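Participant: Okay, here's the structure, questions in a sec.
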Amino acid sequence: MRRAGFLVALGAALALAGCGGGSGKKGSAGLSASAPKPITSGHVNITVWEGYTDSEANTMKRLAAEFNKTHPHITVTPQFYGNSDYALQKVLAAIAGGNPPDVSYLYGSNAANIASTSKLVPLTNWLNQDKAFGWDHFYPFERRVATVNGKVVGIPALVDNLALVYNKTLFKQAGLSYPTKNWTWADMKRAALKLTNPAKKQFGWAYVNDASEDTVWRFWAMLWQAGGHILTPDGKKAAFDSAAGIQALDYLQSLSKAHAIYLDNGSDNYLPLFGAGHIGMLWTGPWDLEQIRQSKVDYGVTDLPADKNHQTISGPDNWVMFNNGSKRVAAAWEFLQWFTSPKVDLQWCLGTGDLPIRDDVQSLPGFKTYLKRYPGVEEWVHNLTNSKQTRPVSVVYPKISTAVGQAVQGVLLGKYQPKQALAQAAQTTNGLLSAPQG
Amino acid sequence: MSAVAEQPRPPAARHQPPPARPSLLKRLIGSEHLAGWMFVAPAVILIAIFFLIPIGWSLILSLQANNLLGSHHYVGFANYNALSKDHVFRSAVGHTVLYTVIFVPISVIGALGLAVALNRRIRGIRFYRLAVFTPLVTSTVATGILFLWLLDPTFGLVNYVLHAVGLPQQQFLQSPSEALYCIVAMTVWGWLGFDVIVYLAALQGIPEELMEAAEMDGASRFSRFRTIVLPLLSPATLFLVVWSTINALQLFDEIYVTTRGGPLESTTVIVYYLYQQAFQYFNAGYGSAIAYVLFIGILIITLVQMWVGRRRVYYTS
Amino acid sequence: MATIASLKDDTFLAIDDPPPARRRRLPFSPWHLVLAPVAVVMLVPLVWMVILSLETKSEAANFPPVLFPSGLHFGNYVTTWNSVPFGDFFLNSLAYSAATVAGNLLFCSLAAYAFARLKFFGRDVLFVVLLATLMVPYQVLLIPTFLIVKDIGMVNSVGGLIMPNLCSAFGIFMLRQFFRTLPVELEEAARIDGTSRLGILFKIVLPLSLPALATLAIIQFMWSWNDFLWPLIIINSATRDPLQLGLATLQGAHYTEWNLLMAGTVMSQIPMLAVFLIAQRWFIRSIAFTGMK
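Protein chains in written order, with this note's numbering: chain A, 6 to 443; chain B, 638 to 954; chain C, -15 to 277.
What follows is the structure, encoded as structure tokens:
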């Protein structure tokens, strides 16, 4: 009796397992070769997933409302999905569940991972055909990151880079001269040590140390400044465990040992701390500019200090489109066209302090207002030219990032030594790169 | 009843044909069998679909490489093999066991002491009881967020108190060596009330006469406690030990909301690792293998505890 | 001895006993020295949660922590309510909890009555099989349940939250134990009168089982209201989050704004706290019951 019941359950389970899944195969069906035309009848609802907070969230809501008003046949609903670090996971889970959003914000480093899903809407042909879109006006490294094996997987949503932001008041108090474009690592170290004052809970520098991509990409900037590379030119093996990488990690270790770095655990506590005058220097991007401005700190912005060069890292992120039927695809395309047009992008920049994603924004009359409203932002715009290298566009990049993140975090927490930590991460990376991709 | 003895039945009655029985169908419909099955049907269907089938399917999944998006193929015991070599999984097991071994005794013994203290008839006891029970009602997510702030190295209350009494500041949840113990503190705070309630109920079930008799015999308070109260509480103790252990081995929510398994994976526990593998990296097969290993582990530990308990627990009825 | 029958006893756990007068060496009982610090440790985090929720952003991110905020900034609650779909969070949780409570009460009663009073083919074996499901940790069920819910197309919906939790063997077990303590004569009398079995259940057995039903309802309500892992897996969009998941979403939106984060936490805990304070006796009784087998 008991055995019979078990067999029935097992049989049912086998049957269900056999027919479970596989719902995403018909994804690309229904996509036309030429770009969809604007919608002129009926009504379409689309969802846009994003991880915006504060001023970015407010601006997003405002612009979405404006779009809905001027495009009566479409209703765009922005949806907050939480931290963008988990966006890829959420999107893939939604695809697995059979109901992905129409548009989603995704890190550039996730481009390769999302490129393989059949639910993705590839944009290559549409962008090449539609001259009015102005794909050529998007910066070259942006377009490189959004393209996987010749397929354009998304439209840049954010372009940025890391620059040095410093608290002028604290520098004056410590008797230091302000950082300049000629600063070196040694200069920064000296300043950081001088600005550190445990009694006042004051730190010279802040570093995001939660072992996520945020931890890793700063390290990449330092690696490049020291003359190193992430991978070998053929992309098959790790190259970050070179002398340049060890040098960069040594630098971090020495500053951390001297308690000169505020180690942020991923909650971005460094921002209010900087605003309250507890941190001397930040390596950050324009996304923090609005908060810094509101904190009334007297701040300055300059290039990152150099070892052998002033390279910075840029993290272009993308709007990625998913196929929920031709009508929704058409609506999503119409929205993205509008949203990334120069005029609307300038609105975005004005509301958030983010950098313009295309170079023809700079010729608009309102651009001067933008530069004035966010003192220092022109530095980031200029710094875009220092963005020479990009992170590898690879399906296993997230796992490489995890390995390197652990290494950097471990060194900063005083648990690992730079050489061993990087060697370990390199070993993991080589294993990942050599495994068959499938 | 008449006083006359009853006449025996006329023998002719034995030759009458028995009354016609209802048809088979009618018997079936009116029968207790059908009624029974109809009554249990909804529950059985629901439990079959959402419990029994998943139990079997999980085992099957653990024998597959499955990415939750539709593609899967069978790999035999490869997942279990990989698990045995996976050093992250091994440290997850280590962290989980360490957490459990600290959490369970602190909760159970602490709760016993508190229950004894709360079993008094002193003024304000109602307030004290409420104070102890209230954290139980807050959700695990709320507890996590609360303690994230309390233990924040820069802004938190605890470091402020330490600073005020001259003790050094701690990194708490941001230190790989301290984080897991902070999680213990947080979960003890959140769950102690449960154990206290169970012990209080058990304490109040101890007959007064037993205690009074022992008192009259001259037994000290402490020996009364040891020889009468503790044994009588042993069923509750066994239950709490088993229950707390099972829950401790399944720790997840608080980790997700506070440390996400870090720093440096020092708070990665088994269920968190399962979640990462299955729902962040989409290794559903590997995640299922982890789940089954956890299942077997919990089963064995529970059985051992019950066996040990059977010989030491004193039942009164 | 605490048993399931004592669920009917109204003086259970005697929480409002008046204190009798006693002579003491100290002006107060020495137990206060133990209980007072414990009460402080238990309550301080909650009190602080409320204080923080009423401070400004800079007060909340201050060292040393600001004990007495400059003013009561109730606006934080409004801001928090508007920054994430809080109204939706509440409604989703309400739907989830109400549906699972109703489902469990109904289906478990039906099944428990059959197991307790009816003789049917395979009854005991079936009971053991159902009971065995309680032995399995729910993480084992997680992935396949996700796949099942996906196959019926209910991912990212409140229905998908509810379906797997409509009935559990725990309720069946508990109610069966309770039903068996009821005197069988009442039901037999009704049966002879011709009442259907369903009628007996609803007109006689259930009205006598209110304490047990209330206990089951409370336990299930608390479980569903505070559930986190299952919603985390099945829900992707913020508007479908139940409350605890919504709280985690709020955390993702306001990592550094502790005042708003605490306002959100306060709002999310108020319903449960309120129900607890009002129905203490029922809560405590329910929890104590789980300690009895």
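A virtual CB, placed ideally from N, CA and C, is assigned to each residue, including glycine.
All values reported here derive from a predicted model rather than from experimental measurement.
If you measure beta-carbon to beta-carbon, which residues of the region 405 to 425 of chain A are closer than 8 angstroms to chain B?
Facilitator: Gln411, Gln414, Gly415, Leu418, Lys420
Participant: So the alpha helix (DSSP H) B:Leu735 belongs to, where does it begin and stop?
Facilitator: 724 to 755
Participant: Could you tell me the alpha carbon to alpha carbon distance between B:Ser925 and B:Pro790, rounded to whole angstroms?
Facilitator: 37 angstroms
Participant: Relative to chain C, which residues along the region 703 to 735 of chain B have a C-beta separation below 7 angstroms, given in chain order?
Facilitator: none
Participant: Which same chain residues, not among the five before or five after C:Phe111, have their C-beta less than 6 angstroms away from its C-beta?
Facilitator: Phe99, listed in sequence order.
Participant: Looking at the structure shown, is A:Arg363 part of a helix, part of a strand, or coil, going by DSSP?
Facilitator: strand
Participant: Report the three-state DSSP secondary structure of B:Ile935 (helix, strand or coil).
Facilitator: helix
Participant: At which residue ranges does the region 238 to 315 of chain A contain complete alpha helix (DSSP H) runs of 4 or more residues, listed in the order of the chain?
Facilitator: 248 to 262, 275 to 280, 294 to 299
Participant: List the residues of chain C whose Cβ lies closer than 8 angstroms to the Cβ of A:Ala70, in chain order.
Facilitator: Within chain C, no C-beta atom comes nearer than 8 angstroms to that of A:Ala70; the closest sits roughly 14 angstroms away.
Participant: Would you verify that the beta carbon of B:Thr791 is, or is not, closer than 8 angstroms to some beta carbon of chain A?
Facilitator: yes
Participant: Establish whether the CB of B:Gln942 and some CB of chain C are separated by less than 8 angstroms.
Facilitator: no
Participant: Buried or exposed for C:Ser180, going by 16 or more other Cβ atoms inside 10 Å?
Facilitator: Per the 10 Å Cβ criterion, exposed.
Participant: Is any beta-carbon of chain B found at less than 8 angstroms from that of A:Lys66?
Facilitator: no
Participant: Going along the region 210 to 227 of chain C in order, which residues come within less than 9 angstroms of chain A, judged by CB to CB distance?
Facilitator: Ile217, Ile218, Asn220, Ser221, Ala222, Thr223
Participant: Would the beta-carbon of B:Ile895 fall within 8 angstroms of that of B:Gly781?
Facilitator: Per the sequence shown, residue 895 of chain B should be read as Thr rather than Ile. Yes.
Participant: Does the ligand SAH have even one heavy atom less than 7 angstroms from the beta-carbon of A:Tyr171?
Facilitator: In the structure on display, the ligand SAH does not appear, and there are no ligands present to speak of.
Participant: Sorted by chain position, which residues of the same chain lie with C-beta nearer than 7 angstroms to C:Ser141's C-beta, five sequence neighbours on each side aside?
Facilitator: Arg224
Participant: Just curious, the beta strand (DSSP E) that A:Ile235 is in, first and last residue?
Facilitator: Careful: A:Ile235 lies outside any beta strand (DSSP E) and carries neither H nor E.
Participant: Give the range of the beta strand (DSSP E) segment to which A:Trp54 is assigned.
Facilitator: That run of the beta strand (DSSP E) goes 49 to 55.
Participant: Pull up the distance between the alpha-carbon of C:Leu216 and that of A:Ala99, whole angstroms please.
Facilitator: Computed Cα separation, rounded: 12 angstroms.
Participant: Could you tell me if A:Tyr183 is buried or exposed, where buried requires 16 or more neighbouring beta carbons within 10 angstroms of its beta carbon?
Facilitator: exposed
Participant: Just by C-beta distance, which residues in the region 756 to 775 of chain B are closer than 9 angstroms to chain C?
Facilitator: So the close ones are Arg757, Arg758, Ile759, Arg760, Gly761, Ile762, Arg763, Phe764, Tyr765, Arg766, Leu767, Ala768, Val769, Phe770, Thr771, Pro772, Leu773, Val774, Thr775.
Participant: So which residues of chain D does C:Pro121 contact, with C-beta pairs closer than 7 angstroms?
Facilitator: In the displayed structure, chain D is absent; the protein chains listed are A, B and C.
Participant: Distance, Cα to Cα, C:Arg107 vs A:Asn323?
Facilitator: 59 angstroms
Participant: Is it true that the CB of A:Ile44 sits closer than 8 angstroms to the CB of A:Glu339?
Facilitator: yes
Participant: The beta strand (DSSP E) with B:His709 in it runs from where to where?
Facilitator: Run containing B:His709: 709 to 711, per the beta strand (DSSP E) assignment.
Participant: Let me know the secondary structure DSSP gives A:Trp190 once reduced to three states.
Facilitator: Helix at A:Trp190.
Participant: With distances taken between CB atoms, is the gap from C:Thr249 to B:Ala822 smaller than 8 angstroms?
Facilitator: no
Participant: Going by C-alpha distance, which of A:Leu309, A:Lys194, A:Ala151, A:Leu93 is nearest B:Gln917?
Facilitator: B:Gln917 has its Cα closest to that of A:Leu93, out of A:Leu309, A:Lys194, A:Ala151, A:Leu93.
Participant: Identify which residue in B:Thr775, B:Val745, B:Leu869 has its Cα closest to the Cα of B:Glu845.
Facilitator: B:Leu869
Participant: Closest to B:Leu875 by CA distance: which of B:Thr775, B:Tyr797, B:Ala678, B:Trp944 is it?
Facilitator: B:Trp944
Participant: Please state the DSSP three-state secondary structure of A:Gln429.
Facilitator: Correct three-state label for A:Gln429: helix.
Participant: Can you pull the chain B residues whose beta carbon is under 9 angstroms from the beta carbon of A:Gln94, in chain order?
Facilitator: Phe916, Gln917, Tyr918, Phe919
Participant: Going along the chain, which residues of its own chain have a beta-carbon closer than 8 angstroms to the beta-carbon of A:Tyr256, five neighbours each way excluded?
Facilitator: Trp190, Lys194, Met227
Participant: Got a sec? Which residues, its chain only, sit under 8 angstroms from B:Tyr910 by beta carbon, not counting five neighbours each side?
Facilitator: Val725, Phe726, Ala729, Gly898, Ile927
Participant: Would you please state the rounded distance, in angstroms, between the beta carbons of A:Val164 and A:Ala116? I believe it to be under 8 angstroms.
Facilitator: In fact, because the Cβ distance is near 14 angstroms, the residues do not count as touching under 8 angstroms.
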